[in-house]
Every structure is written in structure tokens, then in C-alpha cells.
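Residue numbers (my numbering), protein chains in the order written: chain A, 1 to 382; chain B, 383 to 540.
We put the CB at the ideal spot given by N, CA and C, even for glycine.
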Amino acid sequence: MYTETQIVERPAVIDPFEGDGENLVINIGPQHPATHGVLHLVVTLNGETIKKVEPHLGYIHRSIEKMCESLSYRQFIYVTSRMDYLSAHINNHACAMTVEKGMQIEVPARAQYIRVIMDELTRIASHELWWGAMAMDLGAFTPFFYAFRERETINDIMEQTCGARLTMNYMVPGGVMADLHPTFQQKVKDFITLFKSNIDEYDELVTGNIIFQSRTKGVGYLSKEDAISYGCTGPVGRGSGVSCDIRKIYPYEVYNQVQFDEMLETGGDSFSRYQVRVKELRESIKIIEQLIDNVPAGDYLAKTKAVLKLPKGEFYTRVETARGELGVYIVSEGGTTPYRIKFRSPGFSNLSALDHMVRGSKIGDLMATMGTLDLVIPDIDR
Amino acid sequence: MFIKEYLSDIYKATKSLLTGMKRTGYYFVHPKEIITEQYPDNRDTLKMADRFRGEVIMPHDENNEHACTGCTACELACPNATIKIITKFDVTPEGKKKKALDTFVYHLELCTMCNLCVQACPTDAIKMGQNFEHSVYDRSMLLKKLNRPGSKIREGVE
């Protein structure tokens, strides 16, 4: 654990090749259990102190942006589930919203409610997995199973309504693919009741644990200014006190009709980011509770043309995924396929701050910091 | 004062660890609250959700008739070239030529179960099946012909 003075007085830039020549370069990954995927980190160490971390990307690059250029506006949405597969729903949502913006399709109210409920369920599922994996990074194995117990319930709900557990492809331009399953509302309510009691177990198990606190408090410090300059969004930005919740700043769908708070922590360390996410779990439940009984009757899918053609121009939308801000930018030449697609993914920007956060700390802290960044590697590479 | 703080830290640390262990111990003595599915053993009782997307199937009725007109809407809707439709020309009793389905080729190994083909079908000839156990020993066995041998189009489907 570092004191505040130690963090502030730490030099910002360290030359990895200066010093007594005792530097050691080790490779973490691409196949390493702590990196949660094929991320390759080249770490320069002096003893146990990290001098420099260089992430090497590209091991799971599938050129999704290029693939989308040859797919029609209905077809390209399914590919985006494979970017940030833990918030696949929200990725699909962003793409569907961009197409709707270009085509000026009015989404029915029922579809908007369904979309927001599904988004929040996805956010809970994603944060659950992160919570388990984060505790496992720090050596606690049991929380992983606790987290998956609740996540499984969400997956079952998704399976029943959307037809798949992880890559749903449920959002289509104009609404959602199918209506809610008749038992959906009851199942979600049951889940909320169960989850509210279980989330207190999380605090008992991990949050209050002295070992966990010692390993995360003061570790991986990121100041507010640095978070802004690195473009950190989502819980990473909010853990440093940057107000960056797209649901609050640029509300989309029915987010302006629900009451919820943006979770801000000013600590800037790993523990703050942890707290932001755990608090977001409770906020997501609050949003679902407000919507689940009020889903209006009506169509779930607007009538659209058989072939979608976006007018010539540029279209940009952004949504808040479980990891931060996802932007979808489409350049259209007026044809049936996009001319160019660019995804602004949250994982890439958050990873870029890793080097700055861990310089000067111990190698054990690298895992704690990476855990709280909540990296999904296909989201970084795309 | 130093000793007092030191002791209180130890007390708090031990308490936090014991709080966590209490939770673990609770589940140790309440095994019924643990939910684990023993997958290969529960195959007889395992039922997937109705909308679960495991593979594309083409339902045939008792007369070995399907509803596919061979319009290739699904082939056009598929993002991965999973579906290939081969058509033929039937001769109607009036002596006219009519386009009909010859072979519905389905590449299961390319399919991502995105449901776009089922949505595109105007006659509801295909739907998603619930079978998810697709492992085979050879990749070529994943290439499937969905219309059964000798099947023909149902009367009245245009």
C-alpha cells in the first residue's frame, strides 16, 4: 500500500534503460491466465519494480471493421457481438441505433423499454463476470463461482427471450427481433429478489476483506486529468472522478425517464474502480425495477423496408457499455453496405492508461490494476 | 496508542476474514442451495428453451412435404454464405415450367445462429432447432441437406 505522498512524488516518466543495468524484460502472455485472453504485455522490471509496460495487440484481430463493409445494414450487427462479447447486447444496440438514426426509423416504445432492460441485464452479467475474475486475479477462487451462479440466471433469461446466451443478435434496426417471452417479467423479478440478497454476500466476501483492500487501495493510481487525457471512460474514468456516463450525459432510448445515479469515486485507485462497478450493479437493478412493470403494449418492431439503404453522409452514435463509451461511426455512400465503419471501443483507451498507472509499482500490483480495468481483448483488437 | 491501533487493526482484519469464511461455511452446510447441472448425465431431462438457436432445420409434415419455394431470400440474408439453394424446374400438370427447390444446402460449420434467415423466410419454411450437440469426427459431416429425399412443396404455398 502506498501513501498519498508516495503516489504524488512518483516520477511520471522512467527511462527503462537507465540505472544499474539490472533491468529484466519479461513477457506476460499472449497465453497467460492473468491477461484474460491473448494480450501480450512486455514488462520491463528492475527487481520487483515495474519500469515500463508495453501492451502488444493484434493476436485476435479479425478485421471486424473491414468485414462490416461487405455486409448489409441488417447483417453487420451480428458481427459486433463478437467484439465485446460480454456486453454483446449493448454493442448490437449501438449499431441498430446508428442505422435507425440514418434511416430515421421511429422505434416503438415497447422496443425501447425492452432494449434498456436487456442492456441493464447485460451490464449486470458483465460486471458479475468481472467481479469473479477480478477476485480470482488476486488469488481468491471461490468468488468466481458465486458470481457465475447469478450470471447463469441472467443467461437463462436471455436464452428464453433472445434465443442465445452470449451472442444474442436480438437488436435489429427498428426494434427487437422477437417479443418478450411470457415468463420474462416474472423471471426478472425473481432474479432481482435473489440478487439483492446475494449482492450483500459480495461485500462480505470480498469488499470488506482485509487482504483484498490491502492489495487494491492506493494501487494503480490514475488522476482525473490523466483519465481525461487518456480517454478513459466507463468505470475506469468514473473511478477517477470523471463524469462520463453516456446514459446521463446523452440519454438514449428511455434512459431520461428513469431515476438513477451516476456512480463517482474520487480515489482513482483500483479500489475506487472496484467500488464503482459494485455500486453500478445496484444502480442497474434500480433501473430494471422501474421499467419491468411498465413495459407498454404495442409493436416490438417498426415496419422497415426490405432493403435498408442509408442516405449519403456520416452517422455517429454512442452508448455506455459495461466498459465505457462505445461509439459507432458509419460513413455511407448511399448504397446497401457501409462505405466505412469505425468502432470507438472503450477497452482500447482504457488499456492505453495501463503503462502510466503501474510504473513504479510492484509486479503483483500489475495484476490488480489490470483486473480493475476489466479488459476484454476482442474489444481491443476488433 | 500505537499498540492500541495495532491490536485494533488485527481485530478488524481477522473479523473481515471471518465474515467471508462465515459465508463460505454457510454454503458448506447448505448444499441444496448450490445449483450445478451435471450436464452429460442429465441429458434425458435437459430441455432447452423454445427459442434457443442450435441449428437451422426444415420442418416436414407427415406427407413428406415442406414449405420452401426456393426463393433464396434466406441465402441473401445470410451474412456467412451458410445457405446455398439449388433450384430445379418442375413441370406442372398444365405443362408450364415452375421453379422449385432441388437441394437446400446448409453449412453448419459456417453458421453463427444469428436467426436472420428464419426472419427473412416469407413462407416459414425453416426454423431454428434446439439441438446443440454438433460434434462429429469429420468436418464434411457438418455439411447438411435440409430437405428430405423425395420431399416436395406443400400444396398452396406460393
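A/K224 - DSSP class collapsed to helix/strand/coil | helix
Using a Cβ cut-off of 7 Å, which residues of the segment 188-212 of chain A contact any Cβ in chain B, in chain order?
-> E201, E204, L205, G208, N209, I210
Taking 7 Å as the CB-CB cut-off, is B/R425 touching chain A?
-> no
Runs of alpha helix (DSSP H) wholly within the segment 90-159 of chain A (minimum 4 residues, chain order) | Runs of the alpha helix (DSSP H) inside the segment 90-159 of chain A: 109-137.
Proximity below 7 Å, CB of B/R536 to CB of B/A482 | No, Cβ-Cβ distance for B/R536 and B/A482 is not below 7 Å.
Closer than 7 Å at the beta carbon, the chain A residues around B/S398 | G208, N209, I210
Beta-carbon separation of B/I468 and B/T485 under 7 Å?
-> yes
So, are the CB atoms of A/T336 and A/K305 less than 7 Å apart?
-> Taking 7 Å as the cut-off, the beta carbon of A/T336 is found no closer than this to the beta carbon of A/K305.
Closer than 6 Å by C-beta to A/C244: which residues in its own chain qualify, once you throw out the five before and the five after it? Chain order, please.
-> T233, G237
Can you find a C-beta in chain B that's less than 7 Å from the C-beta of A/E69?
-> no
Option in B/N497, B/T427, B/A431 with minimal Cα separation from A/M177 | B/N497
Using only alpha-carbon positions, find the residue among A/Y113, A/F76, A/R110 that is nearest to A/C95.
-> Looking at the Cα atoms, A/F76 is the closest of the given residues.
Cβ separation of A/G220 and A/M367, assumed to be a contact under 8 Å, to the nearest whole Å = In fact, because the Cβ distance is near 10 Å, the residues do not count as touching under 8 Å.
Neighbourhood of A/A302 by C-beta, 8 Å cutoff - its chain only, sequence neighbours within 5 removed | I105, E106, V107, P108, A111, G174, G175
Spatial distance of B/F514 from A/Q213 (CA atoms) = 43 Å
Hey, could you find the ends of the alpha helix (DSSP H) A/R277 is sitting in?
-> 270-292
Euclidean distance between Cα positions of A/D196 and A/K189 = A quick correction: the sequence has Lys, not Asp, at residue 196 of chain A. If I take the Cα positions, the gap works out to 11 Å.
Interface residues of chain A around B/K394 at Cβ under 8 Å?
-> I210
Whole runs of the beta strand (DSSP E) within the segment 464-503 of chain B, excluding any shorter than 3 residues | 465-473, 479-489
Could you please tell me which residues of the segment 495-529 of chain B, in chain order, have their CB closer than 8 Å to any CB of chain A?
-> M495, C496, N497, L498, Q501, M510
Could you list the residues in the segment 129-157 of chain A with a C-beta less than 7 Å from some C-beta on chain B, going in chain order?
-> T142, R149
Cβ of A/I377 within 7 Å of Cβ of A/V38?
-> yes
Verify the CB distance criterion: does B/R435 have a CB-CB separation below 7 Å to chain A?
-> yes
For the beta strand (DSSP E) containing A/F315, list its first residue and its last residue.
-> Residues 313-320.
Inside the segment 346-379 of chain A only - alpha helix (DSSP H) runs reaching at least 4 residues = 346-352, 354-358, 363-373
Between A/D119 and A/H89, what straight-line distance do the alpha-carbon atoms span, to the nearest angstrom?
-> 6 Å
Please list the partners that A/A178 has in chain B, where partner means a Cβ-to-Cβ separation under 7 Å.
-> R433
What is the rounded straight-line gap between the Cα of A/V206 and the Cα of A/N198?
-> 13 Å
State yes or no: is the beta carbon of A/G335 nearer than 7 Å to at least one beta carbon in chain B?
-> no
Separation of B/K509 from B/P441, as counted between CA atoms = 8 Å
Within 10 angstroms of the Cβ of A/Y202, are there 16 or more other Cβ atoms? Answer buried if so, exposed if not.
-> buried
As assigned by DSSP and simplified to three states, the class of B/L389 | Residue state, collapsed to three classes: helix.
Under 7 Å between C-beta atoms, does A/N91 make it to chain B?
-> no
B/K527 by DSSP, collapsed to three states: which one?
-> strand
Own chain residues within Cβ distance below 6 Å of A/P235, not counting five before or after = R273, V276, R277
May I ask you to list the residues that DSSP assigns as paired with A/E325?
-> A/E320
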